[in-house]
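Each residue of the sequence shown is one higher than the one before, starting from 2 at the first, in the numbering used here. Ideal placement from N, C-alpha and C gives every residue a C-beta, glycine not left out. Working notes, structure below.
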Amino acid sequence: HVDVKKLGRIPAGGGHRGYGRELRRPTGKRGEGYEFVHSMVDDHSRLAYSEVLPNEQGASCAAFLRRAAAFMAEHGIRIQRVMTDNAYSYRYSLDFKRALAERPPPAPPQMTSSS
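This is how it looks when you write it as structure tokens:
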């Protein structure tokens with residue numbers, strides 16, 4: 002299961018709730034905006050992999066999927082299906098569709114010897 006959570010960045014010292022909008026010190030860089038937590042969870046083992054990225058564009062989602070798949074493979078988990086929500090970057094991004102197509106070949110069947 003792959004998903005993205007959008008989190009608002011709060012500048013150092015707090016936001017306008019504590020100090021008001023007019024009392025904010027001018028600092029050049031306000032530190033406002035969003036960060037996006039990309040997460041993949043294996044539904045069987047519940048092994049999770051997450052990264053904080055600056056956006057949720059298709060290229061970022063595709064690169065995240067490749068890194069998450071490598072992480073899962075290091076732990077012996079082979080991805081069979083990827084479940085996402087209907088976010089634009091998942092449904093319409095060519096980068097993400099290409100990343101989905103980059104599947105490792107299926108493992109050869111296990112041979113058992115019968116004596």
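Identify the residues that DSSP records as bridge partners of residue 98: which are they?
None, per the DSSP bridge assignment.
So what's residue 9 in DSSP terms, helix, strand or just coil?
strand
Could you tell me which residues DSSP puts in a beta bridge with residue 40?
4, 51
Near residue 103, which residues of its chain fall below 6 Å by C-beta distance, leaving aside the five closest residues on each side in sequence?
none
Assign residue 89 to buried or exposed, taking buried as 16 or more other Cβ atoms, counted over all protein chains shown, within 10 Å of its Cβ.
exposed
Enclosing alpha helix (DSSP H) for residue 46 [first to last residue]
Residue 46 -> no alpha helix (DSSP H), and no H or E assigned at all.
For residue 42 and chain B, any beta-carbon pair shorter than 9 Å?
Absence of chain B from the displayed structure is noted, only one protein chain being present.
Residue 46 versus 34, 77, 58, residue with shortest Cα-Cα distance:
77
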